[in-house]
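What follows is one structure encoded as structure tokens, with my remarks underneath.
Number of protein chains: 2
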Amino acid sequence: MMWAVIPAGGSGTRLWPASRRNRPKFLLPLPGPQSMLQATWERLRPLVAPQHCFVVTGAAHVTAVREQLPELPAEQVIAEPAPRGTGPAIGLAAFLVARHAPQALMGSFAADHFVAEPEAFRRAVRAGLRAASEGYLVTIGVPARYPETGYGYIRIGEPLFTADDLTVHRVCQFKEKPDRKTAEAYVRSGEYCWNASMFLWRVDVFLEALRELLPDVHAPLSAIAACWGTPEGQRCLEELWPTVPEVTIDHGIMERASEVAVVPAEFGWADLGDWHGLAELLADDADDSVVLGCEHLGLDTRATLIYGGRRLVVMLGVEDLVVVDTDDVLLVAHRSRAQDVREIVRQLEQLGRQDLL
Amino acid sequence: MMWAVIPAGGSGTRLWPASRRNRPKFLLPLPGPQSMLQATWERLRPLVAPQHCFVVTGAAHVTAVREQLPELPAEQVIAEPAPRGTGPAIGLAAFLVARHAPQALMGSFAADHFVAEPEAFRRAVRAGLRAASEGYLVTIGVPARYPETGYGYIRIGEPLFTADDLTVHRVCQFKEKPDRKTAEAYVRSGEYCWNASMFLWRVDVFLEALRELLPDVHAPLSAIAACWGTPEGQRCLEELWPTVPEVTIDHGIMERASEVAVVPAEFGWADLGDWHGLAELLADDADDSVVLGCEHLGLDTRATLIYGGRRLVVMLGVEDLVVVDTDDVLLVAHRSRAQDVREIVRQLEQLGRQDLL
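Residue numbers (our numbering), protein chains in the order written: chain A, 1 to 357; chain B, 358 to 714.
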């Protein structure tokens with residue numbers, strides 16, 4: 001059995017008004033009925049015992065996470081005093097794993113990604129764990145099918161071994177989110193995966209990399225972990241956490257470490273960054289409408305996404321819309337403008353409407 | 358001072374989901390902030406004393422009408438036991454007027470029509486009253502500006518007299534709602550008015566026409582009026598009302614009487630039959646959006662009508678929509694499909710969703 005950490009951060013501004021500061025994307029039923037966090041948990045359950053899993057989240061979300069994951073021991077929901085990126089969040093979890101099992105295999109999985117085929121996902125994890133046990137820092141990649149500019153990319157290097165029909169490769173290079181032209185070249189080459197923000201390693205290998213590559217993260221986390229669970233634990237966390245630099249695992253470790261492997265694997269992964277992407281993912285056909293979470297009556301309506309609540313939503317003769325119906329805000333947007341939901345949020349912020357953010 | 362009756366019937370199905378069986382069009386704030394009934398009342402107030410006005414409505418709406426018109430003596434809100442068309446509703450009010458003032462001038466004004474220019478409306482009423490005092494049954498007509506197929510038409514006959522810049526004419530003929538081609542011919546000819554369902558007469562002249570043209574309406578109404586206000590009044594109403602034939606004033610009286618006059622007058626009249634018509638009426642420019650009754654934030658949005666409630670409505674990159682946001686139903690429709698709101702209502706009826714009708 002492996003250990004796991006689920007970093008549950010980020011708010012998902014482009015999924016406003018469903019996502020809010022106090023109701024981030026990972027707590028939402030997307031696509032439902034369970035939340036993205038709950039789906040992540042269920043996907044991992046066959047691989048990870050509840051007492052071997054940590055969720056690291058903002059202090060404001062600890063209660064909601066515990067409510068959504070009643071099987072998870074309450075003390076394994078870790079409240080970050082402030083967001084510091086995935087580096088410190090995952091790093092702290094690694095230190096806590098190492099206290100129990102210094103050479104444990106461990107994985108990190110974002111709380112707000114979509115996976116259509118959980119069994120294929122677990123097959124990829126098992127292949128990656130074999131590379132992790134051999135000392136690699138491993139990432140799971142998704143072969144790039146189209147030139148998405150919203151994802152990071154990984155260039156696949158030489159093959160290491162094949163297990164269960166999956167070939168594990170060395171990573172040649174991590175690439176930042178590309179422009180359209182670059183993304184098209186990546187897809188054409190067939191040599192690139194999307195970076196799905198899923199990582200596997202032996203915890204001792206990871207902590208050694210952390211010590212070497214991010215010593216100013218390693219030192220305070222080591223001190224925090226040393227007094228974790230003691231009467232000084234909370235004070236120590238609150239004192240030292242603000243001194244930890246903000247950094248992601250990708251930039252801080254994976255892109256700079258030497259022995260890094262990737263498992264290219266298809267398992268219906270998507271980031272669900274915005275409403276249009278969600279509609280694309282869930283519609284069988286480009287003309288289909290998608291209705292999440294509400295009663296619906298449609299007449300001559302196509303390619304429309306409805307994310308609803310208590311009301312009946314009636315659509316008549318419309319197409320290519322996103323309709324998000326919440327208790328205090330109704331959003332009606334053209335799908336082509338899904339990215340600009342951020343602009344709406346920005347305007348509301350300027351108008352001082354904290355109540356709606 | 359004249360007497361008036363406001364027949365307040367009809368549900369306004371095409372304005373669903375704002376209009377419902379228990380919240381008909383005339384009780385709605387269209388365009389707001391006051392209801393259509395309240396606007397009708399205020400428009401008449403300079404002409405009619407409260408104790409000289411009757412509202413005839415369904416039993417289910419009596420309380421709401423009294424709440425909306427606190428100035429109107431409660432007993433002058435008359436509950437129809439069942440809808441019988443405007444003929445019996447207006448006829449009963451005429452009998453009640455005649456008990457007080459047998460030769461009073463009286464007008465009838467629909468509770469759910471829109472008038473942009475109340476003073477111009479009152480000028481037309483005053484001109485019509487002069488013709489009424491001379492013994493004509495008078496209708497106020499609105500010169501047909503475009504080939505609307507949803508209205509009835511009146512062909513204007515020879516002029517009778519001019520008063521206050523308005524010429525009163527004999528009516529040549531009433532015409533049913535025409536097809537498109539016929540409507541176009543009417544508009545081209547310049548000889549037609551829309552029938553705005555506004556009538557004026559001396560009550561004795563009207564009752565004589567009723568006796569002559571609709572004797573089976575006249576007889577039971579006469580009996581009901583005779584015992585009105587006595588201990589047997591309510592029993593008499595409930596016994597006789599079901600025997601009254603269903604008929605409109607237009608078909609039953611105005612189209613068949615001999616001495617009928619029309620006052621063609623412009624006063625920004627509209628029937629507000631559906632959401633598209635409402636949007637057309639209220640937008641200064643065809644590209645303008647119209648927001649009624651809610652907070653709104655729009656980005657790159659045009660020609661959209663929003664009728665809202667408690668929620669903030671955010672529109673992003675959409676056009677030509679109607680969005681009606683009520684507590685239990687949200688409607689998003691293309692403006693070109695405004696007439697088909699009836700079809701949605703029909704489907705909900707078939708689905709047994711009385712709660713939403």
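Just so you know, even glycine gets a beta-carbon here, dropped at the ideal spot from N, CA and C.
Hey, could you find the ends of the alpha helix (DSSP H) residue 457 of chain B is sitting in?
That run of the alpha helix (DSSP H) goes 443-457.
Leaving out the 5 sequence neighbours to the left and right, which residues in its chain are closer than 8 Å to residue 408 of chain B when beta-carbon positions are compared?
Result list for residue 408 of chain B: 430, 433, in chain order.
Under the three-state reduction of DSSP, which class applies to residue 651 of chain B: helix, strand or coil?
Looking at residue 651 of chain B - three-state DSSP - the assignment turns out to be coil, as it is neither helix nor strand.
Hey, residue 323 of chain A and residue 332 of chain A are a contact pair by Cβ (cut 8 Å); roughly how many whole angstroms apart?
Going by Cβ atoms, the distance from residue 323 of chain A to residue 332 of chain A rounds to 5 Å, so yes, they are a contact pair.
Using a Cβ cut-off of 8 Å, pull out every chain A residue sitting near residue 704 of chain B, in sequence order please.
Under the 8 Å cutoff, chain A gives 297, 299.
Can you grab the Cα-Cα spacing for the pair residue 363 of chain B / residue 561 of chain B, in whole Å?
Going from the Cα of residue 363 of chain B to the Cα of residue 561 of chain B covers about 19 Å.
In chain C, what lies closer than 7 Å to residue 343 of chain A by C-beta?
Among the protein chains in the structure shown, which are A and B, there is no chain C.
In the stretch 528-595 of chain B, which residue ranges form an unbroken alpha helix (DSSP H) of at least 4 residues, counting only runs that do not cross its ends?
As far as the stretch 528-595 of chain B is concerned, its whole alpha helix (DSSP H) runs of at least 4 residues are 537-546, 560-570, 572-583.
Let me check one thing: in DSSP terms, what residues is residue 21 of chain A bridge-paired to?
None, per the DSSP bridge assignment.
Would you identify the three-state DSSP class for residue 376 of chain A, choosing helix, strand or coil?
Residue 376 of chain A lies beyond the stretch modelled for chain A, which goes from 1 to 357, so this question has no answer here.
Using CA coordinates, which residue listed in B/614, B/395, B/676 is at the minimum distance from residue 558 of chain B?
If we check each option's Cα against that of residue 558 of chain B, B/614 comes out closest.
Could you work out which residue in A/176, A/313, A/159 is closest to residue 168 of chain A when comparing CA atoms only?
Of A/176, A/313, A/159, the residue nearest in Cα terms is A/159.
Strictly below 9 Å CB to CB, what residues from chain B border residue 333 of chain A?
Within 9 Å Cβ-Cβ: 656, 671, 672, 673, 674, 675.
Considering only residues of the same chain and omitting the five flanking positions on each side of residue 659 of chain B, which have a CB-CB separation below 7 Å?
Cβ neighbours of residue 659 of chain B beyond the five flanking positions: 644, 646, 676.
I want to know whether the stretch 48-67 of chain A touches the stretch 17-30 of chain A - three or more CB-CB distances under 8 Å.
Verdict: yes, contact present.
Use the C-beta contact count for residue 311 of chain A: other C-beta atoms within 10 angstroms, 16 or more gives buried, fewer gives exposed.
So residue 311 of chain A ends up on the buried side.
So what does DSSP say about residue 470 of chain B, is it helix, strand or coil?
Correct three-state label for residue 470 of chain B: coil.
Throw me the rounded Cβ distance for the residue 650 of chain B and residue 666 of chain B pair, which I believe falls under 8 Å.
6 Å between Cβ atoms; contact.
Secondary structure at residue 42 of chain A, three-state DSSP: helix, strand or coil?
Residue 42 of chain A: helix per DSSP, three-state reduction.
Where DSSP assigns a beta bridge to residue 660 of chain B, which residues make up the other side?
Answer is none; residue 660 of chain B lacks a bridge partner.
For residue 701 of chain B, report the span of its alpha helix (DSSP H) as first-last.
Counting along the chain, the alpha helix (DSSP H) containing residue 701 of chain B begins and ends at 698-707.
Less than 8 Å between C-beta atoms, sequence neighbours within five positions excluded: which residues of the same chain meet that for residue 248 of chain A?
The residues are 85, 86, 87.
Just curious, the beta strand (DSSP E) that residue 331 of chain A is in, first and last residue?
It spans 329-334 - the beta strand (DSSP E) in which residue 331 of chain A sits, taken as one unbroken run.
Beta-carbon within less than 8 Å of residue 342 of chain B's beta-carbon, same chain only, minus the 5 sequence neighbours each way: which residues are those?
The requested residue 342 of chain B is not part of the displayed model; chain B covers only 358 to 714.
Where residue 464 of chain B and residue 494 of chain B are concerned, what is the direct C-alpha to C-alpha distance, given to the nearest angstrom?
Spanning the two alpha carbons is a distance of roughly 10 Å.
Using the three-state DSSP reduction, which class does residue 669 of chain B fall into: helix, strand or coil?
Three-state result, residue 669 of chain B: strand.
On the three-pair Cβ rule with 8 Å, is the stretch 574-588 of chain B touching the stretch 530-548 of chain B?
Contact fails: fewer than three Cβ-Cβ distances are below 8 Å.
Within 8 Å (strictly less), CB to CB, does residue 368 of chain B reach chain A?
Chain A contact via Cβ: absent.
What does the Cβ neighbour count give for residue 389 of chain B, buried or exposed, with the cut at 16 atoms within 10 Å?
Per the 10 Å Cβ criterion, exposed.
Mapping DSSP to helix, strand and coil, what is residue 256 of chain A?
Of the three classes helix, strand and coil, the one that applies to residue 256 of chain A here is coil, per DSSP.
Based on the DSSP output, what are the partners of residue 155 of chain A in its beta bridges?
The partner list for residue 155 of chain A (beta bridge, DSSP) reads A/173, A/192.
Counting only beta-carbon separations shorter than 8 Å, does residue 687 of chain B have a partner in chain A?
Residue 687 of chain B counts as touching chain A.
Alpha helix (DSSP H) containing residue 125 of chain A: first to last residue?
Residues 118-133.
Can you list, in chain order, the residues of the stretch 197-222 of chain A whose Cβ is nearer than 7 Å to any Cβ on chain B?
Cβ contacts with chain B come from no residue of the stretch 197-222 of chain A.
Which residue or residues does DSSP assign as beta-bridge partners of residue 141 of chain A?
Answer is A/195, A/264, bridged to residue 141 of chain A.
For residue 40 of chain A, which residues from the same chain have a beta carbon less than 7 Å from its beta carbon, with the 5 sequence-adjacent residues on both sides left out?
Contacts found: 6, 109, 111.
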